[in-house]
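Residue 675 is where the sequence shown starts when you use the numbering used here, and the numbers rise one by one after that.
For each residue, glycine too, the CB sits at the ideal point set by N, CA and C.
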Amino acid sequence: MTTPREQIEQLRNELNAHNYSYYVLNAPTISDFEFDAKLRQLQKLEADYPDYFDPNSPSQRVGSDLNEAFVQVAHSYPMLSLANTYSAGEVTEFYERVRKALNDDFEVVCELKYDGTSISLTYENGSLVRAVTRGDGVQGDDVTSNVRTIQTIPLRLQGDYPSKFEIRGEILMPWDVFESLNREREAQEEPLFANPRNAASGTLKLQNSAEVARRKLDAYLYYLLGDKLPMDTHYDNLKKAAEWGFKVSPAMKKCTSLDEVLAYIDYWDKERKNLPVATDGMVLKVNNLLQQKNLGYTAKSPRWAIAYKFQAEKACTRLNSVSYQVGRTGAITPVANLDPVQLSGTVVKRASLHNADIIAGLDLHIGDMVFVEKGGEIIPKITAVDTDARVLIGDKVQFIKTCPECGSTLVRDDGEAAHYCPNEDGCSPQIKGKIEHFVSRKAMNIDGLGTETIALLYEKGLLRNVADIYDLKVPDLARLERLGTKSAHNIKEAIDVSKQVPFTRVLFALGIRYVGETVAKKLASAFHSIEALQAATVEELIAVDEIGERIAQSVKAYFEKPEHQELIARLKEAGLTFEMAETNLPLSDTLSGLSIVISGTFLHHSRDEYKLLIEQHGGKNVGSVSAKTDYILAGDNMGPAKLEKAQKLGVKIINEDDFLHLISHSKNQ
Ligand code: IVH
675 MTTPREQIEQ LRNELNAHNY SYYVLNAPTI SDFEFDAKLR QLQKLEADYP DYFDPNSPSQ
735 RVGSDLNEAF VQVAHSYPML SLANTYSAGE VTEFYERVRK ALNDDFEVVC ELKYDGTSIS
795 LTYENGSLVR AVTRGDGVQG DDVTSNVRTI QTIPLRLQGD YPSKFEIRGE ILMPWDVFES
855 LNREREAQEE PLFANPRNAA SGTLKLQNSA EVARRKLDAY LYYLLGDKLP MDTHYDNLKK
915 AAEWGFKVSP AMKKCTSLDE VLAYIDYWDK ERKNLPVATD GMVLKVNNLL QQKNLGYTAK
975 SPRWAIAYKF QAEKACTRLN SVSYQVGRTG AITPVANLDP VQLSGTVVKR ASLHNADIIA
1035 GLDLHIGDMV FVEKGGEIIP KITAVDTDAR VLIGDKVQFI KTCPECGSTL VRDDGEAAHY
1095 CPNEDGCSPQ IKGKIEHFVS RKAMNIDGLG TETIALLYEK GLLRNVADIY DLKVPDLARL
1155 ERLGTKSAHN IKEAIDVSKQ VPFTRVLFAL GIRYVGETVA KKLASAFHSI EALQAATVEE
1215 LIAVDEIGER IAQSVKAYFE KPEHQELIAR LKEAGLTFEM AETNLPLSDT LSGLSIVISG
1275 TFLHHSRDEY KLLIEQHGGK NVGSVSAKTD YILAGDNMGP AKLEKAQKLG VKIINEDDFL
1335 HLISHSKNQ
């Protein structure tokens, strides 16, 4: 008979092998359903036998909500950079230098230069023990718990690996993940990532590994280090690493002549545009490790390798005009309107000009021929003006002085790059933007009130600020174009449900400048209620962890405005939550004596919030379904095994809305 420990080991090995086939080889060996069933079996055993916990178990790939600060770790071998080259001539010089120094035959391995963030992984006895960022090259941040969530990084190796070694590579955010993340951030009015590199390194530094897991990073490994490496060439060592389970670039090629190297560079300069991840060049490495050793290092980089950087794609076109957009916070973004031009496979008509300093630095004039570059960025940028092409000089581009929407005089605070329209409560894009932010998923999560509906309600004079939302009546909504009575009822219902949104999210929803999700959490847990926060002095605000002068001043200024005081009074009157939930204060005994399992993903509250709600209403939240379970609170994507078990045992399934309905009618306050 197999012991639980053996069963756990067996399942972990099986799941690791399936993960490798799926993520690294792109060749699944099992259906998703069977995989999930095995994973659940493992999770159950691990829950029953916590002594066998292993951070490298495939069950740990989902990450955790716990905050973890990063510890600085010294690299056992410094993480060097490579000398950059930009032309065939410089590559030839490198090749000749190596030939002279070695005075023997040699091979050069050509690889893609991945444009992400570098990582150093340490494995001991086949297990990942540490993942450290480059940092300053000598020491970096220990980001192991985040790296464990990256599916293409093996947690346990297979085959004949050395007992201890390091492997280095690049962590990347694939283009499609990057684009959808930015779309999500745009909808939330969060700052966009300029390119997948910034997105990958930002993600790796997140404090919440569950969020890292959601962002689906990828990794390519390209450099094996250790005292006892299995093979004596770089190429063969990487082939070995691939056998142990690492994702190694299939684009790696051994070349024996300079012509071959140059032809390969040429090939990838075009072909790389079809890759799912960003690359910014090629890396050339002398293959033989002994020859590498003989060539040695300069103070900064190896003499046995160089990087060749691809030219960023450029186009030249005419600047027709500059327009100015007003965001939710009043920040003004200048945008260049261009003659349409083809660039990296898309037609570019607009380019961001960022701020007044950038415009002044370029000495832009209307009608100028300008160079646009895309590089790894999503929004093309203007990098220079072709002054030789100026025949007739147009008007100099002068940053506007007044708001294009409401005419208010713009302001620019000390040390800020952006100009702002100060008319927060009277400038239409700011008003509509604030309402859109207020109803967004991470704020009050009022489904159905989209951009168009908000614009219509605004035009009809029914919405002037966020408090008006709670005065909306079903007939007001039903009268709007394209909105039927059913949708109107649904919106009204979502508005009512939002009154239970916890204080931290309400605070975030108000849209106070610089108060994002994290700052809102810090402020809510420090002050507990809106009254305490309103009464706080700048000094008291600064005393809170991570709150600086800039945020403190902004919070203070927000609450000092009589319009905002009135707004908050109205929202309070409407019944929104303006204090932290008293976790140990029971709200009712509606669920008294009931055991409830939570399963799936939810729209209105997080799982933790539901757990709290169950307890506050006298119920008990339990982890797995059994004959003693009374209800399953089921969201979307409830696990099929749970569903089957529930049906077999006759456990009642209740959805999110019914659950909220049940408890909302039972408050005994
Ligand atoms: S080898 C000592 N190979 O480029 C040599 N680096 O400027 C170690 N990179 O920090 C690096 N793709 O982040 C190597 N195929 C590749 C690479 C690569 C991208 C990055 C890496 C490194 C930087 C060098």
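Under the criterion of beta carbons closer than 8 Å, ILE980 and LEU756 qualify as touching, at roughly 6 Å. Less than 8 Å divides the Cβ of GLY1293 from the Cβ of LEU1268. At the C-beta level, PHE1233 and SER1203 stay beyond 8 Å of one another.
In this structure, LEU1334 sits away from HIS1291, with a CB-CB distance that is not shorter than 8 Å. Taken through DSSP and simplified to helix, strand or coil, PHE744 comes out as coil. The alpha carbon of ILE1225 has as its nearest neighbour, out of THR1211, ARG946, LYS928, HIS1238, the alpha carbon of THR1211.
The DSSP assignment places no complete beta strand (DSSP E) segment of no fewer than 3 residues inside the stretch 1059–1089.
A residue is called buried when at least 16 other Cβ atoms come within 10 angstroms of its Cβ; CYS929 meets this threshold and is buried. Beyond the five residues adjoining it in sequence on each side, ASN1011 comes within less than 8 Å, by CB distance, of LEU993, ASN994, SER995, VAL996, SER997, LYS1023, ARG1024 in the same chain, given in chain order. Between the alpha carbons of ASN1139 and ARG1179 lies a gap of roughly 18 Å. Under the three-state reduction of DSSP output, GLY833 falls in the coil class, being neither helix nor strand.
By the Cβ criterion, the stretch 1237–1244 is in contact with the stretch 1136–1153, since at least three pairs of Cβ atoms, one from each stretch, lie closer than 8 Å. Under the Cβ criterion (8 Å, minimum of three pairs), the stretch 838–853 counts as touching the stretch 792–810. For TYR1305, the enclosing beta strand (DSSP E) starts and ends at 1305–1308.
Look at LYS787: its beta carbon is less than 7 Å from one of the heavy atoms in ligand 1.
Within 7 Å of the C-beta of PRO1054 there is not a single heavy atom belonging to ligand 1.
Here DSSP, grouped into helix, strand and coil, assigns ASN994 to strand. For the pair GLN825 and PRO724, the Cα-to-Cα distance works out to about 24 Å. Nearest Cα to GLU1047 within the set TYR694, ASP1087, GLN985, ASP1013: GLN985. Residue burial annotation: ILE1067 is exposed, with fewer than 16 other C-beta atoms found within 10 angstroms of its C-beta. Within the same chain, and ignoring the five residues on either side of LEU1131 in sequence, the residues whose Cβ sits closer than 6 Å to its Cβ are LEU1137. Distances taken from the Cβ of ARG808 to the heavy atoms of ligand 1 include one shorter than 7 Å. In the same chain as GLY1313, and ignoring 5 residues on each side of it, the C-beta atoms closer than 8 Å to its own belong to ASP710, ARG714, SER1273, GLY1274, in chain order. The count of Cβ pairs closer than 8 Å, one atom from the stretch 905–913 and one from the stretch 875–894, stays below three, leaving the stretches out of contact. Contact check for LYS947 against CYS784 fails: the beta carbons are separated by 8 Å or more.
Taking non-hydrogen atoms of ligand 1 into account, the C-beta of GLU945 is found less than 7 Å away from none of them.
At least one heavy atom of ligand 1 sits closer than 7 Å to the Cβ of PRO976. Under the three-pair Cβ rule at 8 Å, the stretch 816–836 does not count as touching the stretch 752–766. Rounded to whole angstroms, ASP1062 and MET1043 show a C-alpha spacing of 9 Å.
With contacts defined as CB atoms closer than 8 Å, LYS1235 and LEU1215 fail to qualify as a contacting pair. Under the criterion of beta carbons closer than 8 Å, ALA925 and TRP942 qualify as touching, at roughly 7 Å.
Taking the Cα positions, VAL1148 is about 14 Å away from THR1127. In this structure the stretch 689–707 touches the stretch 806–826; the number of beta carbon pairs closer than 8 Å is three or more.
THR1057 and ALA1162 have their alpha carbons spaced roughly 49 Å apart. Distances from the CB of ALA981 to the heavy atoms of ligand 1 include at least one below 7 Å. According to the DSSP assignment, ASP722 belongs to the alpha helix (DSSP H) that extends over 706–722.
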